[in-house]
Structure formats: C-alpha cells, structure tokens
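Enquirer: Just passing along the structure, written as structure tokens.
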Amino acid sequence: MKYLQGITSTSLNFPLRSHIVREKATGTPSSQETDTPFPNGLGSDTKLPCPGWYGVWLAEQFKQLPTRCFDIFHINQDTGDEDAHWKVFLVAFSTVAECIVASPSVTIDEIIAQLYDKGLMAEDVPVEQSQDYLHLVRYLVFCALGWQTMLFTPAPLGSLSQPVYHLAMDEREGCCEYTHMSLRQDTRACERESLSEFLMGFGLLLPPKNLCLNDNQEVQRAFNQQLEVDAKTFNAYNLTSIAGLRIKWVDALACHLELNSTTKEISLFRFPSFCEIALSAHESTGQGAIYSCATTSMLRCQWATEEEITHFLLEVLCSYRLLFGQTKRSRSLFRDLDPFTRVSKPSRDPLLNKLCSMRSCPAPGVTEKEMYYLPHDFPILRYRIVILQRHLATAAPRTWVQLWRDNRNSANWLTFWAVIFFGAFGSLMAFLQVLLQLVQMIKGD
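So the sequence shown is numbered by the working numbering: it starts at 70 and just counts up by one.
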C-alpha cells in the first residue's frame, strides 16, 4: 500500500489536495543532493556566504536524530549507512526550506506532501504502521523548521507507543514562562495550521513591538515607566556581579535575553551571524525561513510581522553591544566566559567574539548609544530588558566586594566610599593618638 494511501485509510485527515499531490518521482534523490546546508531557507545557489559554523552545527544536530527517523525515507537498504542518511537528510532539509520560503501559509502536512512528491518518502508502508510513520516525518519537518529558523530547539523524539503524538521544544534551552506558554502541542495541528499559527501554539516566540507579556500591575507599571536604558549601568558585568545572575548560552533565538527567575539565568543566543545573514538575505531577496513565520493576518497583533522580525534581528545584534561591547568590565567578563563549552571549534560563531569583546562595533547597521530609548531602539526586546532592569534595580549588594562593584549611581558610590575612607582614616588617627599618649605615659613613669 502506498504511503499516503495508508495514512488516509487511518482517518488522520492528511491533506491530500489536488494542487499539492502530483505524480510521484521515482528512484533515489541523488541528483538533488547538496553538500553545503544553508540556514534560513537559503538555497545553495545563493550569492550570500554561508556561515562556516552552520554546516558543522547542523551535522551535530543530525547525529542526535534516532535511526528510526530514516525509516520514512526512500533509501537503498544496501547503502543505508550514516552517510546515506546524511545525504537524503540534506535533500529533505533543502526541500523543507524551499517549501517554507515559497509559501508562508504552508502547513507541515503540506510540506510532507511535497517530500513525497519528490520521491523522498518510503512508498510501501503497512497500514498498522502509518500513524507512527506520519509522526516520524512530522517530527523531522518540525526539526528542520527549528534548525532553519533557529527559533527553537526541538526536544528529543519520544516514544511512539502513545495514544496522542506531540511535538515538543527542549526546555533545557532557556524556555521561560512568559514566552513559552506550552513546550509541546498535539501533532494534529500540523494538518491545518500555517507555520505562524503552529508556532503560536508554543507561545510568543516572535512577539510584536512594545508588548508587555505580564498582567501583573507592578510589571506593567515598570514597563510603561522605564523607557530608557543606560549602557553604563545595564550591562553583563552588573547583571552578574551585582544582581547575581548567570549567563546561559543557547541555540534558540526565541530565548534570547530571557530571564529564568527560578534558576537566575539569562539566556543569550550564541550565533549572531545567523541574524546578520538573515537580514542580508531578506534585504537582497525578500525571503527567509524566519520571515515565513511572520503573521499574515492583520488581526494577529500578538505575533510579529516581517518588518518586526527585521527589527528583532537588529535588536539581537545590538544587544550584544549593550551587554558586553560598550563597557570595559563587560568586555573583560566575556573573555573569561566560554560560550561554546563542549562544542567543536569549527561550529563556533566568530562574530560573537567580535561583537562582545571588541571596543568598536564590527557589525554594519548596529548603532551604539550611551542611552537607549526602549520603545524605539528595543521595541521587541523591551519587555525582557525591563524585566532585567527591574531585577537589577532591586538587587542589593550583600558583600563588600559587591558594594565595591556597585557603581550604578556614581554620586552615591563616591559618597559611600568617601565616608568609609574618612571614617576609617579618622578612627585610625584616633587610635594612633591614644597609642601615642599611652607610650608617653609609660615613659613618664
């Protein structure tokens, strides 16, 4: 029985649309193989340079896929080794990217139909296994979507022996409650929902401008009142040394600058060159996988438009300068950090080091200021910055070292240490005077 026919017979409502399902190709897809994977839906014929780290990084993600994922592909069983799996994966990965870029309103199941049309999918699937196969291919497309847009990190594939299948995001990647309302959702959403609608089921991964994501009145008041951020006081050095927060480097762009109040960790995206190439590609071609996740409805005021995605990517690049690059202590702090712990050298993004450790900004389009106006300069990341500012403002130094480092208010800092210095100096003089009088008394006797 053919693959799609088997799925249809299980009444899963697989979208067999006449304008999508056409005559199937036959044979292995060797003619479509590509050696260099490109992010963000960019084909191998793009004139833009592909970041060197991406292919190595993608290969590392590929190795984490369970072998059973490749049972869905049309692969010659005599050569079904890892190399064959990698080749067919690259073709499928490229096809998914093409589908995403070609139609923003495409659903995951429509992408699956395109994979089947190109002869990538196994054709003879027993009816009793069709549900498992459908879940496997949905999971693979879900992974490709996450790795193409770098918005989220897919969670490992769960057991197939369950009544309802789910697709989930990896909670270890810095997911926070105010962005991720749910870390998993029913795979039946793959049938009918466009990419933006599907991703919205996980939360506000792509929020619009100037949106407060908290109903708490104190947070809303702070959101409306804290309109500026000073690079001298709001930086990575103060957030770590005074507020006691830890930095967690993640691969999920949607988690950038999120504060996990439970673990006291700030999540920072560690591949800024992805933002740079996505901006360049959209400027030259008007396309990109992450842009295909933008809302297409004027009624969706809680999801980013294409224009807002552009602003979001620029804000992410600018945030590295705000946190690290604009202050000497923060630049020094970054040099002591290791954003790529247990990661091979070829899969490291060199732009991150340039943005965070260089005194002058190396990224075009990023404008540095001493004082940023949040509604204009960081409208997308505004809420996250306000949350961090609020945490920093309420953090009180608990040790003498923290008191010495806490120079957020230079006038108060100078006054405090002047009082300490002159008080200590006066006490020392008084002690020496008493000691001198005691010596004189002893000599007089």
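Every residue, glycine too, gets a C-beta built ideally from N, C-alpha and C.
Pop quiz: CYS344 and LEU382 are said to be a contact at Cβ under 8 Å. What is the actual Cβ separation, rounded to whole angstroms?
Expert: Rounded, the Cβ-Cβ distance is 4 Å, consistent with contact.
Enquirer: Consult DSSP for ALA237 and reduce its assignment to one of helix, strand or coil.
Expert: Three-state result, ALA237: strand.
Enquirer: Taking the beta carbon of VAL488 as the centre, do at least 16 other beta carbons fall within 10 Å, making it buried, or is it exposed?
Expert: Classification for VAL488: exposed.
Enquirer: Please name the residue in PRO223, ILE316, THR302 and LEU159 whose C-alpha comes closest to that of PHE409.
Expert: Considering only alpha carbons, the answer is ILE316.
Enquirer: If you drop the 5 nearest sequence neighbours on each side, which residues of the same chain put their C-beta closer than 6 Å to that of TYR441?
Expert: If we look at TYR441 and ignore the five residues flanking it on each side, its Cβ neighbours are VAL298.
Enquirer: Measuring alpha carbon to alpha carbon, tell me which residue in PRO135, ARG390, GLN286 and ALA213 is nearest GLU439.
Expert: Checked all of PRO135, ARG390, GLN286 and ALA213; the closest Cα to GLU439 is ARG390.
Enquirer: May I have the straight-line CA-CA distance separating LEU203 from CYS259, to the nearest angstrom?
Expert: Cα to Cα, the separation comes out at about 11 Å.
Enquirer: Using 8 Å as the Cβ pair cut-off and three pairs as the minimum, do the stretch 447-455 and the stretch 280-295 touch?
Expert: Yes, the stretch 447-455 is in contact with the stretch 280-295.
Enquirer: Contact between the stretch 327-335 and the stretch 303-315 is defined here as three or more beta-carbon pairs at a separation below 8 Å; is this criterion met?
Expert: The stretch 327-335 vs the stretch 303-315: in contact.
Enquirer: Do the stretch 283-296 and the stretch 407-424 touch if we need at least three Cβ pairs shorter than 8 Å?
Expert: No, the stretch 283-296 does not touch the stretch 407-424.
Enquirer: Which residues bound the beta strand (DSSP E) around ASP446?
Expert: Element bounds for ASP446: not the beta strand (DSSP E) but the alpha helix (DSSP H), 443-446.
Enquirer: Using the Cα positions of LEU252 and PHE271, report the straight-line distance between them to the nearest angstrom.
Expert: In a straight line, the C-alpha of LEU252 is about 6 Å away from that of PHE271.
Enquirer: Are the stretch 254-268 and the stretch 303-310 in contact at 8 Å, needing three or more beta carbon pairs?
Expert: Counting Cβ pairs under 8 Å, fewer than three are found: no touch.
Enquirer: What are the start and end residues of the alpha helix (DSSP H) that includes LYS317?
Expert: Looking at the DSSP string, LYS317 is not in any alpha helix (DSSP H); the run it does join, the beta strand (DSSP E), is 315-319.
Enquirer: By DSSP, does LEU386 sit in helix, in strand, or in coil?
Expert: In the structure shown, LEU386 sits in a helix (DSSP, three-state: H, G or I).
Enquirer: In whole angstroms, what is the alpha-carbon distance linking LEU424 and ASP320?
Expert: Rounded to the nearest angstrom, the two C-alpha atoms are 17 Å apart.
Enquirer: DSSP beta-bridge partners for GLN254?
Expert: GLN254 pairs with LEU236.
Enquirer: In chain order, what residues of the same chain lie with their CB nearer than 8 Å to the CB of ARG91, ignoring the 5 residues before and after it?
Expert: Legend: pLDDT at ARG91 = 34, less than 50; position of this residue unreliable, no value from coordinates given.
Enquirer: Pick helix, strand or coil for LEU337, following the three-state DSSP scheme.
Expert: Strand, per DSSP.
Enquirer: Around the Cβ of ALA171, are there at least 16 other Cβ atoms within 10 angstroms (buried) or fewer (exposed)?
Expert: Per the 10 Å Cβ criterion, exposed.
Enquirer: Check the C-beta distance from GLU384 over to PHE338 and give it rounded, since I have them as a contact under 8 Å.
Expert: Incorrect: roughly 11 Å between the Cβ atoms, too far for contact.
Enquirer: My parser needs the alpha helix (DSSP H) runs of 4 or more residues fully inside the stretch 121-191; what are they?
Expert: List check, alpha helix (DSSP H) in window: 121-132, 151-171 and 177-186.
Enquirer: Tell me which same chain residues have a C-beta within less than 7 Å of the C-beta of PHE158, skipping the five on either side of it?
Expert: The residues are PHE131.
Enquirer: Reducing DSSP to helix, strand and coil, say where ASP299 ends up.
Expert: The answer is strand: DSSP assigns ASP299 an E or B state.
Enquirer: In chain order, what residues of the same chain have a beta carbon less than 6 Å from the beta carbon of PHE139, not counting five sequence neighbours either side?
Expert: Cβ within range, chain order: HIS154.
Enquirer: Thinking PRO223 and MET238 are a contact (beta carbons under 8 Å), I'd like their distance in whole angstroms, please.
Expert: About 7 Å; that satisfies the 8 Å criterion.
Enquirer: Does the distance from the CB of VAL160 to the CB of ILE169 come in under 9 Å?
Expert: No, Cβ-Cβ distance for VAL160 and ILE169 is not below 9 Å.
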